[in-house]
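Keeping their order, the protein sequence lines are chains V and X. If you count by my numbering, then the first sequence holds residues 952 to 1078, one letter each, in order. If you count by my numbering, then the second sequence holds residues 952 to 1078, one letter each, in order. Note that the Cβ used here is the ideal one computed from N, Cα and C, for glycine as well. The structure presented is a predicted model; accordingly, all values stated were derived computationally and were not measured. Worksheet for the structure shown next.
Number of protein chains: 2
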Amino acid sequence: MGKREGPVVCGRMERFMEPCLILLLLESPAHGYELLERLGQFGFEGGSADAASMYRTLRRLEEEGMLVSQWEESEAGPPKRSYRVTQEGCRLLGRWRETIKANKSRLERFLKLCDHFFEGDEAECTP
Amino acid sequence: MGKREGPVVCGRMERFMEPCLILLLLESPAHGYELLERLGQFGFEGGSADAASMYRTLRRLEEEGMLVSQWEESEAGPPKRSYRVTQEGCRLLGRWRETIKANKSRLERFLKLCDHFFEGDEAECTP
DNA sequence: TGTGTATATATACACTGTGTATATAGTCCT
DNA sequence: AGGACTATATACACAGTGTATATATACACA
Chain V
952 MGKREGPVVC GRMERFMEPC LILLLLESPA HGYELLERLG QFGFEGGSAD AASMYRTLRR
1012 LEEEGMLVSQ WEESEAGPPK RSYRVTQEGC RLLGRWRETI KANKSRLERF LKLCDHFFEG
1072 DEAECTP
Chain X
952 MGKREGPVVC GRMERFMEPC LILLLLESPA HGYELLERLG QFGFEGGSAD AASMYRTLRR
1012 LEEEGMLVSQ WEESEAGPPK RSYRVTQEGC RLLGRWRETI KANKSRLERF LKLCDHFFEG
1072 DEAECTP
């Protein structure tokens, strides 16, 4: 009943949050705290790690000219920094799109070959 | 004509080489230098960075009991360390398989939403 | 009035994995 | 002897992430 089930299988996709943020902001301008929820659809759990990563990424993207922000007074709660995407940000998203298509293909090739060694949904194979 | 086309879009999938190596060794036992070529089918280019990463990963997987190795004398060239997968390694592959299925879904959700903002194969969208 | 909760943004520090560069060594060719 | 190919390995620096913490406003409730 230990929580130990072997070495970590992280499968973390580096920087993947970046294109997700641009895409969400393209749907509609928003501030960080709101984006944190909407990131859920791409598999981010919205924990404190994701929050830290998100705020860092938003700041960096603005430094790089991919986003612009403005402070907005809130009726309730502290002020929020609202972001929107620039033309540069759009071009960046286009490059991410190609990269992500390529990565999807890599995963598909892996899974296809993997299926030869697994019986349907079996969790194991034999050496 | 500069090589500069904006910030880096690395899209690196952390540790992805690990399950690829196990899968290739499940197909047939092999040594590192040979695996380096076969890794090409999963998008690894086989450069010196991949080589370093591969040898490190093979050694770690053996330490963790996922692989076992033995030295083999070669008719031509230096001896080679030949690896094969253990039962533990098979279980690990099973967990990677689930993780990678999940990541494929994340990428698909991204691409599907992305398509709303791009015209077919267009490389750009509008803010 | 003070305490706790929710909202909202931000950053310091340590850790992990990667990329670059380099080292070692045997075999074959010229 | 020198260079190319095969084969394995590791030191060092860097980049991205996770944890922990800091700051500040608004509101409910005792």
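Spell out a yes or no on whether the stretch 999 to 1016 of chain X and the stretch 963 to 978 of chain X are touching, meaning 3 or more CB-CB pairs, one atom from each, closer than 8 Å.
-> yes
Along chain X, in chain order, which residues have C-beta atoms closer than 8 Å to that of Leu974/V?
-> In the first sequence, residue 974/V corresponds to position 23, counting from 1. Under the 8 Å cutoff, chain X gives Phe1061, Leu1064, Cys1065 and Phe1068.
Between Leu990/V, Gly1016/V, Ser1033/V and Arg1011/V, which lies nearest to Glu1023/V when the distance is taken from Cα to Cα?
-> Position 72 of the first sequence, counting from 1, holds the residue named residue 1023/V. Closest option to Glu1023/V, Cα to Cα, is Ser1033/V.
Residue environment, Arg1048/V, which counts as buried when at least 16 other CB atoms sit within 10 Å | As a position in the first sequence, residue 1048/V is number 97, starting the count at 1. Label assigned to Arg1048/V: buried.
Rounded to a whole number of angstroms, what is the C-alpha to C-alpha distance between Leu990/V and Leu975/V?
-> What you label residue 990/V is simply residue 39 of the first sequence in a count that begins at 1. What you label residue 975/V is simply residue 24 of the first sequence in a count that begins at 1. Using only the alpha carbons, I get a separation of about 8 Å.
State the CB to CB distance for the pair Phe1061/X and Ile973/V, rounded to an integer number of angstroms; the pair is presumed to be in contact (CB under 8 Å).
-> As a first step, residue 1061/X must be located in the second sequence, where it is residue number 110. As a first step, residue 973/V must be located in the first sequence, where it is residue number 22. In fact, because the Cβ distance is near 11 Å, the residues do not count as touching under 8 Å.
Is there a Cβ from chain X that is less than 8 Å from the Cβ of Arg1048/V?
-> As a first step, residue 1048/V must be located in the first sequence, where it is residue number 97. At least one chain X Cβ lies under 8 Å of Arg1048/V.
What are the residues of the stretch 979 to 995 of chain V that lie near chain X, defined by any Cβ-Cβ distance shorter than 7 Å?
-> Gln992, Phe993 and Gly994
Compute the Euclidean distance between the alpha carbons of Val1036/X and Arg1042/V, then round it to the nearest angstrom.
-> Sequence index remark: in the second sequence, residue 1036/X carries index 85 (1-based). Sequence index remark: in the first sequence, residue 1042/V carries index 91 (1-based). Spanning the two alpha carbons is a distance of roughly 44 Å.
Does the beta-carbon distance from Tyr984/X to Lys1055/X come in below 8 Å?
-> For this step, residue 984/X is matched to residue 33 along the second sequence. For this step, residue 1055/X is matched to residue 104 along the second sequence. The answer is no: Cβ separation not under 8 Å.
Would DSSP call Arg1046/X helix, strand or coil?
-> On the second sequence, residue 1046/X is found 95 positions in, with the first residue counted as 1. Of the three classes helix, strand and coil, the one that applies to Arg1046/X here is helix, per DSSP.
Determine the extent of the alpha helix (DSSP H) in which Leu1009/V is found, giving its start and end residues.
-> If you number the first sequence from 1, residue 1009/V lands on position 58. Residues Ser999 to Glu1014.
Sub-8 Å separation of Cys1076/V and Gly1045/X beta-carbons | Here the question's residue 1076/V lines up with position 125 in the first sequence. Here the question's residue 1045/X lines up with position 94 in the second sequence. Taking 8 Å as the Cβ cut-off, Cys1076/V and Gly1045/X qualify as a contacting pair.
With 8 Å as the threshold, decide whether the Cβ of Ala1053/X is near any Cβ in chain V.
-> In the second sequence, counting from the first residue as 1, residue 1053/X sits at position 102. Taking Cβ atoms only, chain V reaches closer than 8 Å to Ala1053/X, which makes this a yes.
Mind listing the chain X neighbours of Arg1010/V? Cutoff is C-beta to C-beta under 7 Å, in chain order.
-> In the first sequence, counting from the first residue as 1, residue 1010/V sits at position 59. Correct list: empty, because the minimum Cβ distance to chain X is about 14 Å.
Could you check what DSSP says for Ala1027/X in three-state terms: helix, strand or coil?
-> Along the second sequence, one-based indexing puts residue 1027/X at 76. Reduced to three states, the DSSP call for Ala1027/X is coil.
By DSSP, does Met964/X sit in helix, in strand, or in coil?
-> Reading the second sequence from its first residue, position 13 is the one you call residue 964/X. Of the three classes helix, strand and coil, the one that applies to Met964/X here is strand, per DSSP.
Distance between beta carbons of Glu1015/V and Pro958/X, contact taken as under 8 Å = One-based indexing of the second sequence puts residue 958/X at position 7. One-based indexing of the first sequence puts residue 1015/V at position 64. Contact flag correct, Cβ pair sits at about 6 Å.
Going straight from the alpha carbon of Cys1065/X to that of Gly1040/V, what length do you get?
-> For the purposes of this step, residue 1065/X is taken as the residue at position 114 of the second sequence. For the purposes of this step, residue 1040/V is taken as the residue at position 89 of the first sequence. The alpha-carbon atoms of Cys1065/X and Gly1040/V are separated by roughly 13 Å.
Express the C-alpha separation of Phe1069/V and Gln992/X in angstroms, rounding to a whole number.
-> Counting from 1 along the second sequence, the entry for residue 992/X is found at position 41. Counting from 1 along the first sequence, the entry for residue 1069/V is found at position 118. So the alpha carbons of these two residues sit roughly 20 Å apart.
Please decide whether Gln1021/V counts as near chain X, where near means a Cβ-Cβ distance under 8 Å.
-> For the purposes of this step, residue 1021/V is taken as residue 70 along the first sequence, with counting starting at 1. Gln1021/V does not count as touching chain X.
Beta-carbon proximity check, Gly994/V vs Glu988/V, cutoff 8 Å | On the first sequence, residue 994/V is found 43 positions in, with the first residue counted as 1. On the first sequence, residue 988/V is found 37 positions in, with the first residue counted as 1. Against a cut-off of 8 Å, the Cβ pair of Glu988/V and Gly994/V comes out as no contact.
Name, in chain order, the residues that DSSP records as bridge partners for Gln893/X.
-> No information on residue 893/X is available, as it lies outside the stretch 952 to 1078 that chain X covers here.
Nearest to Glu1013/V by alpha carbon, out of His982/V, Ser999/V, Pro1029/V and Ser1025/V?
-> Residue numbering aside, residue 1013/V sits at position 62 when the first sequence is read from its first letter. Nearest of His982/V, Ser999/V, Pro1029/V and Ser1025/V to Glu1013/V, Cα basis: His982/V.
Do Pro1078/X and Leu1009/V have their C-beta atoms closer together than 8 Å?
-> As a first step, residue 1078/X is located in the second sequence; it is residue number 127 there, counting from the start. As a first step, residue 1009/V is located in the first sequence; it is residue number 58 there, counting from the start. No, Cβ-Cβ distance for Pro1078/X and Leu1009/V is not below 8 Å.
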